[in-house]
Amino acid sequence: MSNQDLTERFIQFYRNYYREEIGELAQRYPNDQRSLYVDYDDLFHFDHDLAQDFQNKPDQIREYAEEALRLYDLPADVSLGRAHVRVKGLPENVEIGEIRVHDDLVGSLISFCGVVRKATDVRPRITEAAFTCQRCGTMTYIPQSGGDYQDPHECQGCERQGPFKLNTDQSEMIDSQELRIQATPSGAGTGETPQSIDVDLVDDVCGQVTPGDHVTVVGILRAEQLEDGSRKTPLFDLYVDGISITHTDELATELTDEDRREITEVGNKEDVYRMFVDSIAPSIRGLETEKLAVLLQLFSGVPKEIDGGESIRGQLHVLFTGDPAVGISRILRSAANLSPRSTYSNGAETSKAGLTAAAARTGGTDGPWELKAGALPIADRGLAAIDNLSKADGDVMGALPEPMEQQQITISKASIHESIDTRVGILAGAAPKDGRFDRYEPLGKQLPIDSQLLSLFDLVFTVMDTPQPEADTEIAEHILGVNRAGEQRQAGEDPEPPESAGAPLDSEFIRKYIAYAREIQPVLTPEAEEYITEFYVDLRSKGADEDAPVPVSARKLEAIVRLSEASARIRLSDTVKLADAERAVDLVEASIKDIGVDPDTGQFDAEVTETGSAETQRERIKNVKGLIADIEKEYEKGAPIDEVLDRSGVVGMNPAKVESEIEKLRTKGEVYEQAKGYLRTT
Numbered sequence: 001m002s003n004q005d006l007t008e009r010f011i012q013f014y015r016n017y018y019r020e021e022i023g024e025l026a027q028r029y030p031n032d033q034r035s036l037y038v039d040y041d042d043l044f045h046f047d048h049d050l051a052q053d054f055q056n057k058p059d060q061i062r063e064y065a066e067e068a069l070r071l072y073d074l075p076a077d078v079s080l081g082r083a084h085v086r087v088k089g090l091p092e093n094v095e096i097g098e099i100r101v102h103d104d105l106v107g108s109l110i111s112f113c114g115v116v117r118k119a120t121d122v123r124p125r126i127t128e129a130a131f132t133c134q135r136c137g138t139m140t141y142i143p144q145s146g147g148d149y150q151d152p153h154e155c156q157g158c159e160r161q162g163p164f165k166l167n168t169d170q171s172e173m174i175d176s177q178e179l180r181i182q183a184t185p186s187g188a189g190t191g192e193t194p195q196s197i198d199v200d201l202v203d204d205v206c207g208q209v210t211p212g213d214h215v216t217v218v219g220i221l222r223a224e225q226l227e228d229g230s231r232k233t234p235l236f237d238l239y240v241d242g243i244s245i246t247h248t249d250e251l252a253t254e255l256t257d258e259d260r261r262e263i264t265e266v267g268n269k270e271d272v273y274r275m276f277v278d279s280i281a282p283s284i285r286g287l288e289t290e291k292l293a294v295l296l297q298l299f300s301g302v303p304k305e306i307d308g309g310e311s312i313r314g315q316l317h318v319l320f321t322g323d324p325a326v327g328i329s330r331i332l333r334s335a336a337n338l339s340p341r342s343t344y345s346n347g348a349e350t351s352k353a354g355l356t357a358a359a360a361r362t363g364g365t366d367g368p369w370e371l372k373a374g375a376l377p378i379a380d381r382g383l384a385a386i387d388n389l390s391k392a393d394g395d396v397m398g399a400l401p402e403p404m405e406q407q408q409i410t411i412s413k414a415s416i417h418e419s420i421d422t423r424v425g426i427l428a429g430a431a432p433k434d435g436r437f438d439r440y441e442p443l444g445k446q447l448p449i450d451s452q453l454l455s456l457f458d459l460v461f462t463v464m465d466t467p468q469p470e471a472d473t474e475i476a477e478h479i480l481g482v483n484r485a486g487e488q489r490q491a492g493e494d495p496e497p498p499e500s501a502g503a504p505l506d507s508e509f510i511r512k513y514i515a516y517a518r519e520i521q522p523v524l525t526p527e528a529e530e531y532i533t534e535f536y537v538d539l540r541s542k543g544a545d546e547d548a549p550v551p552v553s554a555r556k557l558e559a560i561v562r563l564s565e566a567s568a569r570i571r572l573s574d575t576v577k578l579a580d581a582e583r584a585v586d587l588v589e590a591s592i593k594d595i596g597v598d599p600d601t602g603q604f605d606a607e608v609t610e611t612g613s614a615e616t617q618r619e620r621i622k623n624v625k626g627l628i629a630d631i632e633k634e635y636e637k638g639a640p641i642d643e644v645l646d647r648s649g650v651v652g653m654n655p656a657k658v659e660s661e662i663e664k665l666r667t668k669g670e671v672y673e674q675a676k677g678y679l680r681t682t
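Heads up, the sequence shown is in the UniProt record's numbering, so the first residue is 1 and it goes up one at a time.
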């Protein structure tokens, strides 16, 4: 087919499929719109061979497509001289990690999905440079293509080799931007770094995405030779000239009819919750309550928009703490592996920028600004597992409240002012300062997590390592059975795994199931609303006495709603029934009893869960300090410790308890010994 025939073929294609779109482009060109977006399916149905040629020889065929756009029947006063034709919706996506030179993809049109890891700010790029000869004043125009900047060899007027001066007013420039697209972290809970590829954008596609956005890119694969200083090397780097880039906010899922049938079948089973719970970290025996909490977190509640533009998050945040070697890390990794979109971070090794986002210059102090997304934006609409949160530094802790509550990160630095979505559920594990958890010590005293951050977790559980002969026997048999099967497999045998070790559902199916269920928007039935309301009111009424602590705050009410909605999604139901509300309330009660009970009074106390210490504990410390202050006024050297212990009854405590509180006051620096055996307050 001749060049003219190709151009005429595209004109006919536009007349058949894109008459209205071209009319709109003509009205909006060039200030508001400069591109015609063509769906590959339309071109394929119009002319199979032409579509194939566009994919295999995009540089050449795109010229004819754009020439046809310029020659298309338009009003006399309209010209689309520099309008682009951008193809989108290629039938197959290439995995970023599978883009290879030997697949004959270089120079062809490819499509791939990923998450924007980095993005430079939009800067002008020169496409045709105008040079003024300093000797005779002649203007010479040099097209600029590729990555190298080209100077004129000689003046077209005096035929001398300059000197030349770039005339920016007469030069032609275009917007440009560079992105780094990382493979979508689908079920990537192993801590591995996904592969990535750079994308060059020009003109009107620049500035459309920010780091953390999940996108589909269509572009031309290029190979660029690498240099070592001024010497070329035999190595090449792959990058993509971006043609079109579209947002893909939904969870990545490609479901067949068989997938949908199987999902519906599992969702209708009576033991659907048990099947999912047993599929989370199946090598860990027990911890059913904790696993159920993680399961509901994976499905999440329904985000809501209310009047005034305010939003209520649907994502759930869960925190595990407790004794070492109880399986918390395995549960975190398993959850990250089962989520359709996830990241896994170690608090001891991550930074604020690695977890949230950062803006920095690239290529030295004069380089372009670049915005880089961390683990939370990359896991947007998924799960972010953070192990060893207690070992993260203060900057990381201080950066978490905004993405957890507001579900976004705000970056304001130099020329970059962006809000990045972090619609993510955080599943964190934190170890107590002293290694083992003390049930009789306030949570806030044992974890280096401030009260504001602690209050944002919907559920907090302590996992204790306590001897239980029957359970320990079962766990031992389970672990030995798993190891025995592993030994047999290494020996070349094909053993039947222990019944307790097998996951009822495989991870790939679970990811598809979650993505499917998250499209459901369940609403509460009147019965569920009434049950949740009664629980909340009854629990708060336990603190109705004037001096009694408040047992639970409104944040827990929102958590119950989210958990109830997640429970309904597991059943693939669009209504939250009474059983869903009961399941959510049971989890919240278990969490409160785990960490929200004042060990001195046995009462629920929201202060324990939301500030980390009970009201009675703070009052007790205050009373002991007051007793010391009163006694030290009677003695020149300060308050004798023996005398303080003798008067312990004044504050309603026994001497041993007072002695324990004195040690805490010493640790906090609120009392000290000026002379041995004599206390003074600060």
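Beta carbons are placed, not taken as given, at the ideal position from N, Cα and C, and that holds for glycine.
| query | result |
| --- | --- |
| Count the other C-beta atoms from every protein chain shown that fall within 10 angstroms of the C-beta of S79, then say buried if there are 16 or more, exposed otherwise. | exposed |
| Is P640 near S648, with beta carbons less than 7 Å apart? | no |
| Could you tell me which residues DSSP puts in a beta bridge with M139? | T132 |
| Measure the alpha-carbon distance for residue 686 versus Q315 and round it to whole angstroms. | Outside the shown range of the chain, which is 1 to 682, sits residue 686, and nothing can be said about it. |
| Does the structure place the segment 90 to 102 close enough to the segment 338 to 349 that three or more beta carbon pairs sit under 8 Å? | no |
| Quick one, are the C-beta atoms of M429 and D387 less than 7 Å apart? | Residue 429 is actually Gly in this sequence, not Met. Contact flag set, yes. |
| Pull up the distance between the alpha-carbon of L578 and that of S591, whole angstroms please. | 20 Å |
| Output yes or no for whether 7 Å exceeds the beta carbon distance between E333 and I284. | For the sequence presented, residue 333 should be read as Arg rather than Glu. No, the pair does not count as a contact, with Cβ atoms beyond the cut-off. |
| Where does the unbroken beta strand (DSSP E) through Y531 begin, and where does it stop? | Counting along the chain, Y531 falls outside any beta strand (DSSP E), though it belongs to the alpha helix (DSSP H) covering P526 to S541. |
| Work out the CA separation of V87 and N167 for me, nearest whole Å. | 35 Å |
| For the beta strand (DSSP E) containing T7, list its first residue and its last residue. | That residue, T7, is in no beta strand (DSSP E); its alpha helix (DSSP H) goes N3 to Y17. |
| I'd like to know whether the C-beta atoms of I420 and T248 end up nearer to each other than 7 Å. | no |
| Taking the continuous beta strand (DSSP E) assigned at P234, which residues delimit it? | R231 to H247 |
| Going by DSSP in three states, S500 sits in which element: helix, strand or coil? | Residue placement at S500 is poorly supported in this model, since its pLDDT is 46, which falls under 50; the coordinates still yield a value, given next. Three-state result, S500: coil. |
| In the DSSP assignment, what are the bridge partners of A357? | A373 |
| Does T682 pass the burial test, meaning 16 or more other C-beta atoms within 10 Å, or should it be called exposed? | exposed |
| What's the C-alpha gap between V463 and A399? | 26 Å |
| Which residues share a DSSP beta bridge with I386? | S345 and A428 |
| Name the residue from D32, P30, D5 and L36 whose alpha carbon lies nearest to the alpha carbon of Y17. | L36 |
| Classify T7 as buried or exposed, calling it buried when 16 or more other Cβ atoms lie within 10 Å of its own Cβ. | buried |
| From V272, D73, Y513 and K622, pick the residue whose C-alpha is nearest to that of D259; which is it? | Y513 |
| If we count Cβ pairs, one from each stretch, closer than 8 Å, do we get three or more for the segment 128 to 136 versus the segment 101 to 116? | no |
| Terminal residues of the continuous beta strand (DSSP E) containing I220? | H214 to D228 |
| Under a three-way DSSP split, which group does F44 fall into? | helix |
| Measuring CB to CB, does L319 end up less than 7 Å from V523? | no |
| Which two residues bound the contiguous alpha helix (DSSP H) that contains G322? | Element bounds for G322: not the alpha helix (DSSP H) but the beta strand (DSSP E), V318 to G322. |
| Taking buried to mean at least 16 other C-beta atoms within 10 Å of its own C-beta, is H84 buried or exposed? | buried |
| Applying the criterion that 16 or more other CB atoms from any shown protein chain within 10 Å of the CB defines a buried residue, is P549 buried or exposed? | Because P549 carries a pLDDT of 49, less than 50, the predicted location of this residue cannot be relied on, and the following value inherits that uncertainty. Buried, since its Cβ has 16 or more Cβ neighbours within 10 Å. |
| Take S339 as the anchor and find which of L427, G81, Y40 and I416 has the nearest alpha-carbon. | L427 |
| Taking a contact to mean a Cβ-Cβ separation below 7 Å, would you say Q674 touches G626 in this structure? | no |
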